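Below is one structure, written out as structure tokens, with a few remarks after it.
2 protein chains.
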Amino acid sequence: MSDSSLDQLSVNTIRTLSMDAVEAAKSGHPGMPMGMADAAYVLWTKFLRHNPKNPGWFNRDRFVLSAGHGSMLLYSLLHLTGYDLPLEELKNFRQLGSKTPGHPEFGITPGVETSTGPLGQGFSTGVGMAMAEAHLAARFNPFSPGLVDHHTYAIVSDGDLMEGVTHEAASLAGHLKLGKLIYLYDSNNITIDGSTELAFTEDVAQRFEAYGWHVLDVDGHNRSQVETAIKKSKKIINKPSLIICHTHIGYGSPNKQGSEASHGAPLGEEELRLTKIKLGWNPDHHFHIPDEVSVHFRSAEKSGEKLEKEWNEKVVQFRKEHGEVAALFDKMLTRALPSDFNEILPFFEADEKGLATRKASQQVLDSFADQIPQLIGGSADLRASNLTGLKDKGEFQHGSYESQNINYGVREHAMGAALNGIALHGGLIPYGGTFLIFSDYCRPAIRIAALSKIPSIFVFTHDSIGLGEDGPTHQPVEHLASLRAMPNLMVLRPADANETAWAWKAALENTEGPTLLALTRQSLPVFKRTDSTHASNVEKGAYIFKEAAGGKPKVILIGTGSEVSLVSEAADKLNDEGVAARVVSMPSWELFSRQPEKYRNEVLPPEVTNRISVEAAVTFGWERWIGPDGVAMGVDRFGESAPYKDIFNHLGLTVDRIVEKAKKLV
Amino acid sequence: MSDSSLDQLSVNTIRTLSMDAVEAAKSGHPGMPMGMADAAYVLWTKFLRHNPKNPGWFNRDRFVLSAGHGSMLLYSLLHLTGYDLPLEELKNFRQLGSKTPGHPEFGITPGVETSTGPLGQGFSTGVGMAMAEAHLAARFNPFSPGLVDHHTYAIVSDGDLMEGVTHEAASLAGHLKLGKLIYLYDSNNITIDGSTELAFTEDVAQRFEAYGWHVLDVDGHNRSQVETAIKKSKKIINKPSLIICHTHIGYGSPNKQGSEASHGAPLGEEELRLTKIKLGWNPDHHFHIPDEVSVHFRSAEKSGEKLEKEWNEKVVQFRKEHGEVAALFDKMLTRALPSDFNEILPFFEADEKGLATRKASQQVLDSFADQIPQLIGGSADLRASNLTGLKDKGEFQHGSYESQNINYGVREHAMGAALNGIALHGGLIPYGGTFLIFSDYCRPAIRIAALSKIPSIFVFTHDSIGLGEDGPTHQPVEHLASLRAMPNLMVLRPADANETAWAWKAALENTEGPTLLALTRQSLPVFKRTDSTHASNVEKGAYIFKEAAGGKPKVILIGTGSEVSLVSEAADKLNDEGVAARVVSMPSWELFSRQPEKYRNEVLPPEVTNRISVEAAVTFGWERWIGPDGVAMGVDRFGESAPYKDIFNHLGLTVDRIVEKAKKLV
């Protein structure tokens with residue numbers, strides 16, 4: 010069999026597997042895999058450096074299917090090249106418990122680098138992967154050339170390119186001149202609602218050139234054109250590449266090729282048969298893989314093994330020649346953290362005047378900078394406000410990729426996705442800052458992190474009406490609740506500088522998902538603490554911050570973040586006046602929920618039903634902690650533009666009001 | 010005084026007012042108003058058609074300050090041209106209760122067309138305004154040339170252009186060839202963190218040309234260049250225009266011009282003095298407006314009055330000549346709704362098999378199409394899934410602007426902002442659809458609507474794990490809670506086709522903020538209803554959907570949306586088995602919360618503490634309704650990819666489980 014016909018047979022195997030799986034599932038998207046089978050085949054068989062037997066091999070090329078609805082394209086390739094994804098799984102496409110969910114999910118399927126489907130996420134996450142590669146290469150390749158040296162590829166769609174997040178990510182990638190980013194754009198002129206003429210007529214090539222990308226244009230069904238284009242793109246080392254592949258969606262389908270009818274629904278039994286005939290396939294064959302095709306694809310196993318072996322040898326050599334640097338490399342790859350945070354976390358002396366938790370956070374980062382080499386920081390153009398800089402760690406730019414401070418620009422969404430990409434890449438612990446209000450701008454990326462258990466760290470400052478004069482457009486009120494509602498996102502709102510330090514520790518140690526630090530703009534007192542009220546209690550989510558006079562509380566005041574100082578002062582007054590009041594600081598609902606019931610009942614004894622929560626945010630959800638007799642004090646409306654103390658007074662978040670409410674309750 | 014020096018004096022008045030207000034407030038952004046004073050002056054005095062004495066005049070040019078942090082530029086212009094914004098308000102910049110909040114807020118300050126500050130929103134909202142103008146012009150100008158004929162102007166910043174939403178909106182505006190959209194881009198090369206060289210080096214002109222915009226480049230301090238550019242732009246009628254104004258941020262400040270130091274902080278007393286001297290101002294004058302400048306700007310009052318008078322005469326003529334069409338125009342401008350919805354809302358016969366609420370919604374829209382002429386619909390490339398088409402109302406495209414179906418493309422965020430812009434423009438009732446999961450993609454726009462009381466309608470389908478095979482990336486679980494947490498957003502999740510009809514009525518009648526309809530992908534039974542369980546009860550937010558056997562409930566089962574049929578079936582079983590169970594359908598928390606306590610206690614009697622809520626979403630917040638003894642059944646995790654019935658079973662949302670939990674509770 011000639012190479013060319015083997016190529017053709019291989020491509021059609023991808024197509025028919027995809028069609029069959031969608032048909033069996035009675036739902037899914039056959040058109041995209043059919044249209045992009047040629048280009049993906051070229052990429053996967055001629056370029057992609059990976060080891061199917063070890064999907065976690067560090068120096069592999071990353072491949073992201075940003076057009077996640079075409080998941081069967083990826084599942085077909087993973088199965089064919091020898092990943093641990095048996096044919097049975099393809100037959101179980103979109104079924105409960107299968108490794109082949111409707112859209113690719115990181116952690117479910119070996120070889121899936123990130124969860125995609127929500128359009129634009131894959132594109133933008135890939136940019137983060139390429140940033141991680143560039144950074145690690147700059148740090149380590151001077152000692153061991155080629156140690157970190159891989160490309161990040163993606164297949165992206167019309168839909169991806171319409172999403173705002175890809176504008177942000179593409180502009181950033183162009184600015185950073187990420188030459189090892191190569192994206193194949195499936196330009197099929199069809200979206201779910203029909204022709205792209207309906208809504209998408211921009212000149213994509215010109216747009217990406219404006220971003221500083223290298224843009225090529227090919228017939229996506231002409232495999233040699235695709236091959237040449239990828240080769241060329243690999244040679245352009247100071248620009249990301251976009252290869253526009255003109256394709257026909259549903260390629261091969263006599264009646265649905267080039268139509269939205271093949272986009273998001275099975276072809277149907279009859280059309281499936283016709284398509285198979287047209288592709289030279291036996292229409293009675295289902296999930297059929299010709300032997301020679303199988304052998305051909307499986308050569309990836311051997312070549313992958315070889316690639317990894319060579320790399321392993323390089324690492325051994327590296328360790329020999331540069332023991333110390335290699336030890337650092339090894340450490341970074343395992344996400345090893347300092348063994349004793351007590352030695353590293355700054356301690357803040359009690360201080361009535363105190364400092365903003367964002368400032369405390371900066372001091373924590375200052376002390377982390379030299380101790381935690383995996384950290385790579387950044388901000389969406391608010392570094393001086395978020396205080397997220399890593400001291401003396403330079404600016405991550407083209408020519409200084411080894412630096413650890415990233416300027417994301419005013420691109421919160423791309424930053425969120427890039428954090429995910431950096432974390433997924435491995436070797437680094439990424440964090441990024443913006444105002445808490447702008448969590449809304451990157452929420453889809455935060456969700457991907459939560460869903461896929463990606464340990465991205467979001468440092469979100471200016472966390473309430475306490476930001477003052479910027480006003481309601483900038484004052485988060487519903488955000489804490491709306492973020493706490495997201496499964497697997499750990500939200501931490503520390504009450505003072507020392508809680509901030511321990512919140513950072515909790516963030517670094519949370520490897521099972523993202524963490525969000527909500528920090529103040531305004532100064533907060535640094536509290537005097539005892540052994541029992543040590544700030545390490547942050548790790549329990551909530552704790553008795555101040556016991557009631559006599560030890561038997563008649564009322565419990567619960568605060569988070571900046572409001573702990575308010576409830577603390579109120580408790581002092583109450584205790585003075587004979588109303589035994591306990592103060593609970595609750596920096597994290599999620600962490601507290603995870604504590605044993607016994608502990609939770611110690612902090613919030615069921616018999617003490619007089620409870621008041623105070624948080625400068627909507628009271629939504631606080632019933633969980635205060636019960637039916639409790640009072641939730643908060644801000645169930647949008648804020649105001651004024652000096653922050655005026656706003657707190659205006660909205661009734663004052664010591665006197667808390668005291669008043671508590672007395673009424675008791 | 011020569012014109013030129015009067016011009017200069019006027020521009021410097023804008024600058025000094027802005028500087029003084031920021032200094033007085035001890036916070037704010039002086040640099041942008043100082044930099045863009047020239048260009049804004051030209052626009053406002055030579056082009057803007059408005060009537061300061063009637064900011065609501067319908068045919069006025071719209072002006073949006075997308076770079077909302079430069080609010081003092083706008084407040085200065087509003088004060089100077091004679092809007093009801095006394096100098097006292099400028100002196101009270103950023104103070105509690107003033108009309109001059111830190112960022113412009115619609116509804117607070119006369120002449121502010123939309124709330125801005127969250128970058129990108131103003132830019133994209135303006136696109137919606139231009140769409141509304143194009144549509145109404147196409148519908149009415151054939152009868153009365155020039156009846157609807159105005160431009161939409163904006164000042165946009167580097168930050169705006171970095172945000173993804175402006176990519177979406179700009180690409181859409183270019184596609185739609187919105188020629189009456191003219192944006193001045195304040196290209197000052199400075200963002201908060203420093204030079205745009207740090208993160209923003211794309212070729213903006215080329216990018217916008219790729220979108221199909223007309224792009225010009227001028228010295229933003231050369232007023233005649235600006236004037237010529239606006240003139241040229243007005244002549245380009247089939248492309249939106251971007252006028253790149255190269256400016257110096259903090260223009261006039263000897264030590265801070267061109268530096269980020271003037272971006273987000275007062276100049277400081279000394280620099281303020283130096284700047285005033287440099288600008289030829291008396292440094293001891295504060296909030297000083299030279300008389301001749303005052304007179305000059307105030308000419309806008311007279312010219313505005315004249316413009317409106319001419320237009321009013323045109324309307325009178327229109328009414329005379331085209332009585333019926335003019336009546337339609339008048340009706341649309343007042344947002345008048347049908348007097349009797351009972352005659353318009355479709356009635357769905359009880360039907361076990363039923364239909365998806367998204368399908369019911371389509372039928373509602375079908376019956377609205379000819380009855381509610383203000384409707385203008387759309388979807389973010391999911392019309393066939395959201396079922397949001399307006400039958401026989403054509404496709405809104407260049408050349409068919411009179412049509413009422415908008416193809417937003419895969420641009421949820423721009424859609425959200427455009428809905429706001431269309432609603433703010435007036436004359437139309439906009440709605441837009443996508444999947445509920447993608448509410449995350451447009452959340453910042455939803456928030457602007459909630460904050461600014463904009464009655465945009467969001468039709469979000471595929472509202473739970475019930476969407477099935479598309480899996481966790483597409484299954485909203487935290488979204489209902491996170492949206493309910495947002496102040497002033499009305500969330501409605503109807504339980505069947507008839508509730509859907511009444512939910513639409515509630516949406517149309519909610520003029521004080523946005524409404525979100527959460528609709529199913531999957532079929533739901535159409536319930537048999539009595540007078541007391543009439544679907545009009547939707548308007549109360551919650552109601553007794555099925556009374557317990559004997560009328561005295563031992564347990565109350567509360568459901569929303571698709572889960573009402575589950576709890577209803579469970580209640581039947583319980584009542585059969587002697588456990589008196591009431592069913593409450595709760596389509597809207599917000600509406601129920603607004604009912605009198607008496608009614609709320611009738612539906613959820615305080616003495617009946619055995620309560621179970623069932624909702625295929627996170628249980629976050631349900632304690633509010635079920636109390637401490639209640640059980641919240643839901644999905645406190647991400648979903649699964651599988652046929653939806655398998656997922657409901659797998660996650661325990663079944664009739665049997667509800668029965669079991671209820672028995673245990675009782």
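Top to bottom, those sequences are chains A and B.
Numbering (the working numbering) for the first sequence: 10 to 675.
Numbering (the working numbering) for the second sequence: 10 to 675.
Note that the Cβ used here is the ideal one computed from N, Cα and C, for glycine as well.
On a predicted model such as this, the values are computed, not experimentally measured, just so you know.
Would residue i be called buried (16 or more neighbouring beta carbons within 10 Å of its own) or exposed?
i, result
"B/Q531", "buried"
"A/N619", "buried"
"A/D449", "buried"
"B/I286", "exposed"
"A/P676", "In this structure chain A extends from 10 to 675, so residue 676 of chain A is not present and cannot be described."
"B/Q484", "buried"
"A/Q413", "buried"
"A/G587", "exposed"
"A/D472", "buried"
"A/T539", "exposed"
"B/R646", "exposed"
Spell out the partners DSSP gives residue i in its beta bridges.
i, result
"B/G442", "B/S388, B/V468"
"A/M499", "A/T524"
"A/V623", "A/G568, A/M642"
"A/N198", "According to DSSP, which records beta bridges pairwise, A/N198 is partnered with nothing at all."
"A/C254", "A/D195, A/V227"
"A/L190", "A/T161"
"B/G648", "None; B/G648 has no bridge partner."
"A/G203", "A/T200"
"B/S36", "Partner(s): none; B/S36 has no beta bridge."
"B/S602", "Paired residues: none, contrary to the question."
Against residue i, what residues of chain B qualify as contacts under a CB-to-CB distance less than 7 Å, listed in chain order?
i, result
"A/S27", "The premise fails here: A/S27 is roughly 15 Å from chain B at the closest Cβ pair, so nothing lies under 7 Å."
"A/H144", "Here the premise fails: no neighbours, minimum Cβ distance about 16 Å."
Using a cut-off of 8 Å between C-beta atoms, extract the partners of residue i located in chain A.
i, result
"B/E211", "S180, G183, H184, A219, Y220, G221"
"B/P637", "G636, P637"
"B/N416", "D202, L207, A208"
"B/S465", "Simply none; closest approach about 16 Å."
What residues of chain A sit near residue i, judged by a beta carbon separation below 7 Å?
i, result
"B/V174", "G173"
"B/D449", "R452, P453, R456"
"B/F647", "L460, P496"
For a contact meaning CB atoms closer than 8 Å, what does residue i contact in chain B?
i, result
"A/R493", "F629"
"A/A393", "I201, D202"
"A/A490", "A490, S491, A494, F629, G630"
Output, in chain order, the set of chain B residues within a Cβ distance shorter than 9 Å of residue i.
i, result
"A/G77", "T482"
Problem set entry | Complete alpha helix (DSSP H) runs within the region 339-413 of chain B (minimum length 4 residues, chain order) | If we require 4 residues or more, the alpha helix (DSSP H) runs fully inside the region 339-413 of chain B come out as 350-353, 366-377, 392-395.
Exercise. Counting Cβ pairs closer than 8 Å, one from the region 212-222 of chain B and one from the region 28-46 of chain B, do we hit at least three?
Worked result: Two segments are said to touch when three or more pairs of C-beta atoms, one from each, lie closer than 8 Å; by this definition the region 212-222 of chain B does not touch the region 28-46 of chain B.
For this session: Only counting runs of 3 or more residues, tell me where the beta strand (DSSP E) segments fall wholly within the region 276-327 of chain B, in order along the chain.
Result: You should have found no qualifying run.
Exercise. Which ranges does the alpha helix (DSSP H) cover as unbroken runs of at least 4 residues, wholly within the region 526-593 of chain B, from first to last along the chain?
Worked result: Correct list: 572-585.
For this session: Within the region 86-125 of chain B, note down every full alpha helix (DSSP H) run reaching 4 residues or more, in order along the chain.
Result: You should have 96-100.
Exercise. If we count Cβ pairs, one from each stretch, closer than 8 Å, do we get three or more for the region 515-525 of chain B versus the region 455-466 of chain B?
Worked result: Short answer: they touch.
Problem set entry | the region 582-596 of chain B touching the region 552-570 of chain B, judged by at least three CB pairs closer than 8 Å | Here the region 582-596 of chain B lies against the region 552-570 of chain B, with 3 or more beta-carbon pairs under 8 Å apart.
For this session: Inspect the CB distances between the region 52-67 of chain A and the region 167-176 of chain A and report whether three or more fall short of 8 Å.
Result: Contact between the region 52-67 of chain A and the region 167-176 of chain A is absent, because fewer than three Cβ pairs lie under 8 Å.
Problem set entry | Three or more C-beta pairs below 8 Å linking the region 428-438 of chain A and the region 133-149 of chain A | Yes, since at least three Cβ pairs between the region 428-438 of chain A and the region 133-149 of chain A fall closer than 8 Å, the two stretches touch.
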